[in-house]
Amino acid sequence: MVTTLVASRLSPGRVGAVIGRNVGALRSGPSYWIVLVSGFFEPLLYLLSIGVGVGALVGALTVDGRTMSYASFVAPAMLAVSAMSGALAETTFNFFFKLKYMKTFEAVLATPVRPIEIAVGELVWSIVRGSLYTAIFLVVMVAMGLVEPGWALAAFPATVLVGLAFGGLGMAVSTLMRGWQDFDLMGTGQFALFLFSGTFSPVRDYPAGVEVLIQLTPLYHAVELVRGLCMGVLGWGLLGHAAYLVVLAGAGIWFASRRLTRVLCD
């Protein structure tokens, strides 16, 4: 219902104009390119240091009846983290700066573009950024023999969905931020998700209560969806993880557009 309501109010041309504005900013100087490229290396370094380095000490793992190297277990999680990080970086820090300090969106609203179209345009741009990270990361995984090329292609749309979900969440959170200090809380929450979403060890290894709590978090569903596709383990559970992310994306974009309307138009 939320998706239908949003789609009925959108103008693709105006959404494209918002995206075009971001493309123009990308061309304006090298600083944005440096930020863009640097965001790819964090999950890659985690993969090499923990997945490969620590993996040499951990040895093989058995997951869903399959024995795999520790690097093969960690790599899909880092892929999901890469999609999350790319989307959140664009829809939190950059979005907040444009909203609160540059007053970019106030200027955009002087045109026929509406708040919902700003939100969707910024979300699509964040997905482009996250997809760039994940596409390169998948090439690295294939080159290292951590995933078969066919399953890598199957996993890529899942990473786009992950970016969509976290992009919507990031925008929703950013509209509630009062200042840069609030990003400390967001960073703490993001790091907690990073550590405790089945990224470095199977969730079943946690105590029962902690396991249930983890299963409520968005990165857990992102990791399970991407890991299942990378491993070639298909099942109805993957649809459940995908549905969770779709609902999160829809709720995020709906809330963000409502908040933008209140902040910019009232």
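Residue numbers (full-length UniProt numbering): 1 to 266.
Glycine is no exception: its CB is placed at the ideal position from the N, C-alpha and C atoms.
Just so you know, these numbers come straight off a predicted model, no measurement behind them.
Item	Value
Candidates R258, G168 and V162, of which the one nearest L225 by Cα	V162
Cα-Cα separation between G24 and A251, rounded to whole angstroms	29 Å
Rounded separation between V233 and R66 - CA only	10 Å
Span separating the alpha-carbon of E122 from that of A135	20 Å
Residues bridged to T62 [DSSP beta-bridge criterion]	T67
F97 to V58 span [Cα, whole Å]	42 Å
Cα-Cα separation, L48 to R178	37 Å
Expected contact under 8 Å - CB spacing of G198 and A77 to nearest Å	7 Å
Simplified DSSP assignment, three categories, for E148	coil
Residues near W151 by beta carbon distance below 7 Å, same chain, minus five either side	L229, C230 and G232
Reduced DSSP secondary structure (H/G/I, E/B, other) of Y206	coil
For V15, three-class secondary structure by DSSP	helix
Extent of the continuous alpha helix (DSSP H) to which V98 belongs	The sequence as given places Lys at residue 98; Val does not occur at that position. Looking at the DSSP string, the run of the alpha helix (DSSP H) that includes K98 is F95 to K100.
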